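J.: Residue numbers for the sequence shown, in our numbering: 9 to 496. C-beta: ideal position from N, C-alpha, C; glycine also. These numbers come from a predicted model, not from an experiment. Quick one: this structure, given as structure tokens, is what I'll be asking you about.
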Amino acid sequence: MTSSDCLVRSTDSPQKPPPFPVLPIPTSRQLEWQSDFMALFLHFGPNTFTDSEWGDGRADPSVFHPTRLDAAQWVGVAKQAGFSRVILTAKHHDGFCLWPSEYTDYSVRSSPWRGGRGDVVAELSNAARDAGIGLGLYLSPWDRHEPSYGRTVEYNEFFMGQMTELLTRYGEIKEVWLDGAKGEGEKDMDYYFESWFSLIRQLQPRAVIFSDAGPDTRWIGNEAGVAGSTCWSTFNRSSAKIGGTDPRYSRSGDPVGHDWVPAECDVSIRPGWFWHASQVPKSARTLLDIYYKSVGRNCLLLLNVPPNSSGLISEEDVQVLQEFNELRRSIFDENLAKGALLSASSTRGGMMNNSHFSAENVLKEGIYSYWAPEENWSDWTLYLRFQEKVKFNVLQVQEPIQLGQRVIEFHLETLNDGGEWRQVINGTTVGYQRLLQFPMLETQELRFVIDKSRADPLISYLGLYVDTFSILTETSTSTSQTHGSWML
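Listed below in structure tokens is the structure:
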């Protein structure tokens, strides 16, 4: 055999197959939901006109009379601000329906709006479809108006009837949002959640179902839009109860959970969920901070932007959303890591003939290409070398979650002028996306090190950015911090 024969044989050797998934893994609908990463919540109804948050179900339907309602404006605001879906409170706790339900007269049909012939859900559905935006619907289990509430069988049948209307009249529904809230002292009754879930699966198989306990997405456990600094998409649904899950469990997830139930972080742009004339929106910088602590912690951000009593999203809210979008673009449009020479401690199947898993994959956007280290390798490191020093203060990391969530702990090191490697930032979970902020660093060489993983780690994207807008609180230079803090 000649040396040329050996060369041909070595270069023609088959590539190693992809690594096995680490269970649990997301469904296709969960992957689509996660990739949207932000949704706009629309709280709208009689509360908008009565200056209320939790209506008691006794407000006269005549109070609902928006004179300029424009669902296309709602959707346009969402799209221009970078949101991929909108979720409407089709029925809140007061029981008032924003569609002409056949099961109650407490709806838009009994209001003067559009002469009693209006349908907010239909108008939003049409606007969302025209704009290419996904539509989700919130249907409150707690109904303070419906007389059958408290009679378990009768009310569950009523609720499923309304659910059927919503899921068969308005085209594709991307998400069904089931709120676990119920006031103290209210009638006690059982909700037939499993029957509801089965109905949703039958009528809208592509829709994700949100509740405190999934089955597809879970509540983060607070209304501040903030996830735990450690946040697993893995979860045990058997350990959760709708309306009664420990918020600490919801916030962090479960590293040994048997179910894939990623978290959704809900927060309002204003102090209340419904529009109130006396309230003002949060600043764009506050929303940016929430973004880092939700989207940047492996969650979807559900930002409530309530239409006002005229039926439009208020101009001051629109302005804040535009500024928020501009901030994100100015930070994340340029990935400085793309200017680096990348290498890895190892590559699955060998570095020479397995470009399918090479380090360069971490600069390709999306989660379907990734760096994979060699099997059973003890060193999991990515090296970045620049032609000259670069400054950055934000790190972005993503995992190919279609193969499971793996990374447990990681850190970042920089090479100082004395030729010494120094650990400057560490973190825990990654998941679909992790964003970490820290004081500005300047270096020509750095390495991203995975310290602990559920199996061989996989990294689909690595980004370095400059954020000149956020203000970070300095930490002690002598104290090592954990869970996504820095060490200087």
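Tell me, please, which residues DSSP counts as bridged to residue 99.
T.: Indexing the sequence shown from 1 puts residue 99 at position 91. Paired residue(s): 105 and 147.
J.: Under a CB-based cut-off of 9 Å, is residue 111 close to chain B?
T.: This model lacks chain B altogether, as it is built from one protein chain only.
J.: For the candidate residues 448, 286, 269 and 136, whose alpha-carbon lies nearest to that of residue 241?
T.: Residue numbering aside, residue 241 sits at position 233 when the sequence shown is read from its first letter. Closest by alpha carbon: 269.
J.: For the beta strand (DSSP E) containing residue 447, list its first residue and its last residue.
T.: Translated into positions along the sequence shown, residue 447 becomes position 439. Taken as a continuous stretch (DSSP letters only), the beta strand (DSSP E) holding residue 447 covers 442 to 461.
J.: According to DSSP, is residue 431 part of a helix, a strand, or is it coil?
T.: Position 423 of the sequence shown holds residue 431. Strand at residue 431.
J.: Sorted by chain position, which residues of the same chain lie with C-beta nearer than 8 Å to residue 203's C-beta, five sequence neighbours on each side aside?
T.: In the sequence shown, the residue the question calls residue 203 occupies position 195. Hits under 8 Å: 164 and 168.
J.: Roughly how many angstroms lie between the CA atoms of residue 347 and residue 394, to the nearest whole one?
T.: In the sequence shown, the residue the question calls residue 347 occupies position 339. In the sequence shown, the residue the question calls residue 394 occupies position 386. Rounded to the nearest angstrom, the two C-alpha atoms are 7 Å apart.
J.: According to DSSP, simplified to helix, strand and coil, what is residue 483?
T.: In the sequence shown, the residue the question calls residue 483 occupies position 475. Residue placement at residue 483 is flagged as unreliable, the pLDDT there being 32, under the threshold of 50; the coordinate-derived value follows with that caveat. The answer is coil: DSSP assigns residue 483 none of H, G, I, E or B.
J.: Among the residues of its own chain, which have a CB less than 6 Å from the CB of residue 46, if the five just before and after it don't count?
T.: For this step, residue 46 is matched to residue 38 along the sequence shown. The answer, listed in chain order, is 91 and 309.
J.: Are the Cβ atoms of residue 178 and residue 119 separated by less than 9 Å?
T.: Taking the sequence shown and counting its residues from 1, one reaches residue 178 at position 170. Taking the sequence shown and counting its residues from 1, one reaches residue 119 at position 111. Cβ atoms of residue 178 and residue 119: not closer than 9 Å.
J.: Nearest CA to the CA of residue 229: which residue from 261, 206, 208 and 396?
T.: As a position in the sequence shown, residue 229 is number 221, starting the count at 1. In terms of Cα proximity to residue 229, the closest of 261, 206, 208 and 396 is 261.
J.: Relative to the alpha-carbon of residue 412, which residue among 306, 340, 449 and 172 has its alpha-carbon at the smallest distance?
T.: Start at 1 with the first residue of the sequence shown, and residue 412 comes out as number 404. Residue 412 has its Cα closest to that of 306, out of 306, 340, 449 and 172.
J.: Does the contact criterion of 3 or more C-beta pairs under 8 Å hold for the stretch 398 to 405 versus the stretch 441 to 450?
T.: yes
J.: Spell out a yes or no on whether the stretch 99 to 117 and the stretch 63 to 72 are touching, meaning 3 or more CB-CB pairs, one atom from each, closer than 8 Å.
T.: yes
J.: Using the DSSP secondary-structure output, state which residues sit across from residue 46 in a beta bridge.
T.: Start at 1 with the first residue of the sequence shown, and residue 46 comes out as number 38. Answer by DSSP bridge pairing, in chain order: 309.
J.: By the three-class DSSP mapping on this structure, what secondary structure does residue 399 have?
T.: The residue labelled residue 399 in the question sits at position 391 within the sequence shown. Note: residue 399 maps to strand in three-state DSSP.
J.: Could you check how far apart the C-beta atoms of residue 183 and residue 129 are, in whole angstroms? I think they sit under 8 Å.
T.: Position 175 of the sequence shown, counting from 1, holds the residue named residue 183. Position 121 of the sequence shown, counting from 1, holds the residue named residue 129. The pair is not a contact, with the Cβ atoms about 14 Å apart (cut-off 8 Å).
J.: Is the CB-CB distance between residue 420 and residue 431 below 9 Å?
T.: By 1-based counting over the sequence shown, the position of residue 420 is 412. By 1-based counting over the sequence shown, the position of residue 431 is 423. Closer than 9 Å, so yes.
J.: Suppose contacts are defined by Cβ-Cβ distances below 9 Å. Is residue 337 in contact with residue 392 by that definition?
T.: Locating residue 337 in the sequence shown gives position 329, counting from the first residue. Locating residue 392 in the sequence shown gives position 384, counting from the first residue. Contact flag unset, no.
J.: With a threshold of 16 other CB atoms inside 10 Å of the CB of residue 304, please say whether the residue is buried or exposed.
T.: Here residue 304 corresponds to residue number 296 of the sequence shown, with the count starting at 1. That one is buried.
J.: Could you pull out every residue in the same chain whose Cβ sits closer than 8 Å to the Cβ of residue 76, ignoring the five residues on either side in sequence?
T.: Position 68 of the sequence shown, counting from 1, holds the residue named residue 76. Answer for residue 76: 318, 319 and 320, listed in chain order.
J.: Does DSSP put residue 70 in a helix, in a strand, or in coil?
T.: Locating residue 70 in the sequence shown gives position 62, where the first residue counts as 1. Reduced to three states, the DSSP call for residue 70 is helix.
J.: Run the CB neighbour count on residue 225, radius 10 Å, all protein chains shown included, and call it buried at 16 or more, exposed below.
T.: Position 217 of the sequence shown, counted from the start, is the residue given in the question as residue 225. Burial of residue 225 is indicated by the presence of at least 16 other C-beta atoms within 10 angstroms of its C-beta.
J.: Using a threshold of 9 Å, state whether the C-beta atoms of residue 350 and residue 367 are closer than that.
T.: Counted from its first residue, the sequence shown places residue 350 at position 342. Counted from its first residue, the sequence shown places residue 367 at position 359. Taking 9 Å as the Cβ cut-off, residue 350 and residue 367 qualify as a contacting pair.
J.: Quick one: which unbroken beta strand (DSSP E) runs of 3-plus residues sit fully inside the stretch 175 to 221? Chain order, please.
T.: Entirely contained in the stretch 175 to 221, the beta strand (DSSP E) runs reaching 3 residues are, in chain order, 183 to 185 and 216 to 219.
J.: In its own chain, which residues sit with a C-beta less than 8 Å from the C-beta of residue 173, not counting the 5 before and 5 after it?
T.: Position 165 of the sequence shown, counted from the start, is the residue given in the question as residue 173. Hits under 8 Å: 107, 109, 110 and 111.
J.: Residues in its own chain within less than 7 Å of residue 460 by CB, not counting five upstream and five downstream?
T.: Locating residue 460 in the sequence shown gives position 452, where the first residue counts as 1. For residue 460, where only same-chain residues beyond five positions count, the Cβ hits under 7 Å are 416 and 417.
J.: Which ranges would you report for the beta strand (DSSP E) in the stretch 290 to 368 if only whole runs of at least 3 residues count?
T.: Within the stretch 290 to 368, the complete beta strand (DSSP E) runs of at least 3 residues are 308 to 312 and 349 to 352.
J.: Nearest-angstrom Cα distance between residue 28 and residue 227?
T.: Taking the sequence shown and counting its residues from 1, the one referred to as residue 28 is at position 20. Taking the sequence shown and counting its residues from 1, the one referred to as residue 227 is at position 219. When rounded, the distance between both Cα atoms is 29 Å.
J.: What residue range is occupied by the uninterrupted alpha helix (DSSP H) comprising residue 82?
T.: Mapped onto the sequence shown, residue 82 falls at position 74. That run of the alpha helix (DSSP H) goes 79 to 88.
J.: Tell me whether residue 24 sits in a helix, a strand or coil according to DSSP, three-state version.
T.: The residue you call residue 24 lines up with position 16 of the sequence shown. Of the three classes helix, strand and coil, the one that applies to residue 24 here is coil, per DSSP.
J.: To which residues does DSSP link residue 417 through a beta bridge?
T.: Within the sequence shown, the letter at position 409 stands for residue 417. In DSSP, residue 417 forms a bridge with 460.
J.: Buried or exposed: where does residue 13 fall if 16 or more other Cβ atoms within 10 Å of its Cβ makes it buried?
T.: Here residue 13 refers to the residue found at position 5 of the sequence shown. Because the pLDDT of residue 13 is 37, which lies under 50, any placement of that residue in the model is unreliable, and the question is left without a value.
J.: Counting along the chain, where does the beta strand (DSSP E) carrying residue 258 start and finish?
T.: Start at 1 with the first residue of the sequence shown, and residue 258 comes out as number 250. No beta strand (DSSP E) holds residue 258; the alpha helix (DSSP H) holding it covers 255 to 260.
J.: Could you tell me if residue 463 is buried or exposed, where buried requires 16 or more neighbouring beta carbons within 10 angstroms of its beta carbon?
T.: Sequence index remark: in the sequence shown, residue 463 carries index 455 (1-based). With fewer than 16 other Cβ atoms within 10 Å, it is exposed.
J.: Does the separation of the CB atoms of residue 502 and residue 328 fall below 9 Å?
T.: Residue 502 cannot be examined here, being either before or after the span of the chain that is shown, 9 to 496.
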